[in-house]
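Novice: In terms of full-length UniProt numbering, the sequence shown opens at residue 1 and continues consecutively.
For glycine and all other residues, C-beta sits at the position ideal for the given N, C-alpha and C.
Everything numeric in this text was worked out from a predicted model, so none of it was measured.
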Amino acid sequence: MSPIGFTFRTIRLLTSRSRFIASISICQSTNLHFYSTKVNSLAMKGIRVEEFGDPSVLNYVTDLEIPKPTGSQVLVRIKAVGINPVETYIRSGTYARKPDLPYTPGTDSAGIVESVGNTVAVLKPGQRVYTTASLTGTYAEYCLVEENHVYPLPENITFEQGACLSIPYYTAHRAIFLKGGAKPGQNIFIHGASGAVGLAACQMAAANGLKVFGTAGTEEGIKIVKQNGAIECFNHRKENYMEDLMKATGGRGFNIIVEMLANVNLVADTTVLTDDGIILIVGNRGSLEFNPRCLMPKELAIRGIALAHGSLDEKKEAAKFLDEGMRKNLLNPIVYKTFNLKDTAKAHIEVIEHSGGSKGNIVVQID
1 MSPIGFTFRT IRLLTSRSRF IASISICQST NLHFYSTKVN SLAMKGIRVE
51 EFGDPSVLNY VTDLEIPKPT GSQVLVRIKA VGINPVETYI RSGTYARKPD
101 LPYTPGTDSA GIVESVGNTV AVLKPGQRVY TTASLTGTYA EYCLVEENHV
151 YPLPENITFE QGACLSIPYY TAHRAIFLKG GAKPGQNIFI HGASGAVGLA
201 ACQMAAANGL KVFGTAGTEE GIKIVKQNGA IECFNHRKEN YMEDLMKATG
251 GRGFNIIVEM LANVNLVADT TVLTDDGIIL IVGNRGSLEF NPRCLMPKEL
301 AIRGIALAHG SLDEKKEAAK FLDEGMRKNL LNPIVYKTFN LKDTAKAHIE
351 VIEHSGGSKG NIVVQID
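1. Does the beta-carbon of residue 108 have 16 or more other beta-carbons within 10 angstroms, so that it is buried, or is it exposed?
2. Determine contact between the region 44 to 63 and the region 163 to 178, defined as no fewer than three beta-carbon pairs at a distance below 8 angstroms.
3. Could you spell out where the alpha helix (DSSP H) holding residue 325 opens and where it closes?
4. State the DSSP-derived secondary structure class of residue 32, mapped to helix, strand or coil.
5. Under a Cβ-count criterion, where at least 16 other Cβ atoms within 10 Å of its own Cβ denotes burial, should residue 139 be classed as buried or exposed?
6. Tell me which residues share the same chain as residue 369 and place their Cβ nearer than 6 angstroms to its Cβ, disregarding the 5 neighbours each side in the sequence.
7. Tell me the DSSP secondary structure of residue 148 in three-state form.
8. Could you tell me whether the region 321 to 338 touches the region 62 to 72, using the rule of 3 or more Cβ pairs below 8 angstroms?
9. Mind listing, in chain order, the continuous alpha helix (DSSP H) runs of no fewer than 4 residues lying wholly within the region 236 to 298?
10. If I measure Cβ to Cβ from residue 135 and keep anything under 8 angstroms in the same chain, skipping five residues before and after, which residues do I get?
11. When DSSP labels each residue in this structure, what does residue 127 get in the three-state scheme?
12. Whose C-alpha, out of 114, 130, 275, is nearest the C-alpha of residue 319?
13. Checking 8 angstroms against the spacing of the C-beta atoms, do residue 410 and residue 361 come in under that value?
14. Which residue's Cα is closest to the Cα of residue 368: 341, 45, 149?
15. Go ahead and pull the three-state DSSP assignment for residue 302.
16. If you compare alpha carbons, which of 204, 193, 195 is closest to residue 184?
17. Relative to the C-alpha of residue 79, which residue among 164, 42, 89, 63 is closest?
18. By Cβ distance below 6 angstroms, which residues in the same chain neighbour residue 160 in space, the five residues on each side in sequence not counted?
19. In whole angstroms, what is the alpha-carbon distance linking residue 306 and residue 98?
20. For residue 356, which residues of its own chain have a beta-carbon under 7 angstroms away from its beta-carbon, when the five flanking residues on both sides are left out?
21. Which full runs of the beta strand (DSSP E) of 3+ residues lie inside the region 168 to 232, going along the chain?
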C-alpha cells in the first residue's frame with residue numbers, strides 16, 4: 001500500500017506478434033483504477049543459428065532484440081529477404097569465412113527505413129530501400145546496415161524483387177563488365193542461365209547490347225531465359241547441346257562465358273570460346289581434372305569471381321547501373337518461389353536442390 005492509500009501492481013506483457021514487451025502499472029483503490037504503459041524493450045521475430053549444420057539449425061525465434069542505429073547506421077524494417085546458395089554454405093560450416101555463433105544469416109533484403117543514426121544525411125525514415133550487406137543479418141523483421149550498403153528501391157520494383165538485387169545482380173555485373181570487359185555486339189554464353197545469377201546476367205548483358213545465349217535444364221527454364229534477353233537457349237541435359245550452341249553462333253563461338261557449375265562444364269567451355277575468350281567462374285561445387293594446355297592455342301583465360309572482393313566504388317557503379325536499368329524496365333528480378341520466415345529451412349533446401357528446375361530467385365517474405 002502506498003502512502004496515499006493506493007496499491008500498485010506491475011504486469012509484463014508480450015504482444016502476440018512479439019513486437020514489444022511492455023510494463024503495465026495498475027493503480028487500484030476503492031473508487032479509482034488507472035493504467036500506464038511503458039515500453040521496456042523491443043523484440044522481433046527472426047532466424048538464429050546456434051550451431052553449424054543442415055537446414056534444421058535455422059531456428060525460428062520471437063525474442064530477438066531490435067537493434068538501434070548509431071552514427072552511420074540505418075535500421076531497415078524488412079519486407080522480403082533474398083536467399084542465396086552462399087548462405088547455405090555458411091550455415092553448414094563449410095565456407096571459408098565463418099561467423100561467430102550464434103548468428104542471424106543474410107545480407108540481401110528490401111524494406112523500409114525505420115530509423116537512422118545521427119550522421120546519416122541522405123536516407124530518411126519511410127524510404128523504400130534494398131540492402132547489399134547487414135551488420136545483424138537480414139533473416140529477421142529488422143536489420144542494422146551501414147548507410148553505404150543501403151540503396152533506394154525504385155517504385156516500379158516490388159520488395160520481393162528488391163530482395164533479389166544484391167548478390168545475383170552485383171555478381172553478374174562484376175563478372176560481365178568489371179572482370180569480363182564485355183562490349184556491345186560480343187557473344188556471351190550464360191552456362192546455367194535460369195537461376196538467380198543467370199537471369200540477372202541475361203538481362204544485364206542484353207540491356208548492354210551483347211548477343212546472349214544460354215542453357216537451362218527444363219523447357220520452362222528455357223522459356224524464361226529467352227524471355228529475359230537470350231537469343232537462343234538450349235537444354236544442358238541433352239547430348240551435343242554445345243554443338244548446337246556453336247551452330248547458333250554461325251561457328252564463331254563466344255567471347256565470354258559466365259559459368260555456374262565449373263566442376264562439370266569447364267573443359268567443355270574451352271571448346272566454344274573465340275580467340276582471347278574468357279571464362280568467368282561464378283559457381284563451382286567440386287573438383288575436376290583439367291589440362292591447362294587447352295588454353296594455349298587460342299590464348300584463353302579463366303577467372304574466378306568473388307563479390308566479396310568488390311570495392312565500395314565498384315558497388316556504387318553496379319548500383320548506378322542497376323538503378324538506371326530498373327527505372328527503364330530493362331532489369332526486372334524474377335521471383336520463382338516465396339516462403340514465410342518460419343519455413344526458411346525449406347527455402348535453404350530449395351535454393352540448392354531446385355525442385356522442378358531452376359527458374360529464378362528464392363525469397364522469404366516478412367509479415
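Specialist: Looking at the coordinates:
1. Here the question's residue 108 lines up with position 108 in the sequence shown. When all chains shown are included, residue 108 counts as buried.
2. no
3. As a first step, residue 325 must be located in the sequence shown, where it is residue number 325. Taken as a continuous stretch (DSSP letters only), the alpha helix (DSSP H) holding residue 325 covers 312 to 327.
4. Stepping through the sequence shown from its first residue, residue 32 is reached at position 32. Reliability of the predicted coordinates at residue 32 is poor, the pLDDT of 34 falling under 50, and the value obtained from them is presented with this limitation in mind. Three-state DSSP puts residue 32 in coil, outside helix and strand.
5. Here residue 139 refers to the residue found at position 139 when the sequence shown is read from its first residue. It is buried - the Cβ of residue 139 has at least 16 other Cβ atoms within 10 Å.
6. Not covered by the structure: residue 369. The range shown for the chain is 1 to 367.
7. In the sequence shown, residue 148 corresponds to position 148, counting from 1. Here residue 148 sits in helix by DSSP.
8. In short, these stretches do not touch, since the Cβ pair count stays below three.
9. 241 to 248, 262 to 269
10. The count along the sequence shown starts at 1 and reaches residue 135 at position 135. The beta carbon of residue 135 sits closer than 8 angstroms to those of 67, 73, 143, 144, 145, 146, all from its chain and outside the five residues before and after it, given in chain order.
11. Working through the sequence shown from its first residue, we reach residue 127 at position 127. Three-state result, residue 127: coil.
12. For the purposes of this step, residue 319 is taken as the residue at position 319 of the sequence shown. Of 114, 130, 275, the residue nearest in Cα terms is 130.
13. No statement about residue 410 is possible, as the shown extent of the chain runs from 1 to 367 and does not include it.
14. Residue 368 lies beyond the stretch modelled for the chain, which goes from 1 to 367, so this question has no answer here.
15. Walking along the sequence shown from the start, residue 302 turns up at place 302. DSSP places residue 302 in strand when its eight states are reduced to three.
16. Position 184 of the sequence shown, counted from the start, is the residue given in the question as residue 184. Minimum Cα distance to residue 184 is reached at 204.
17. One-based indexing of the sequence shown puts residue 79 at position 79. Nearest C-alpha to residue 79: 164.
18. Mapped onto the sequence shown, residue 160 falls at position 160. If we look at residue 160 and ignore the five residues flanking it on each side, its Cβ neighbours are 80, 335, 363.
19. As a first step, residue 306 must be located in the sequence shown, where it is residue number 306. As a first step, residue 98 must be located in the sequence shown, where it is residue number 98. About 16 angstroms.
20. The sequence position of residue 356 within the sequence shown is 356, counting from 1. Once the five neighbours on either side are set aside, residue 356 has no close Cβ partner at all.
21. Runs found: 187 to 191, 211 to 216.
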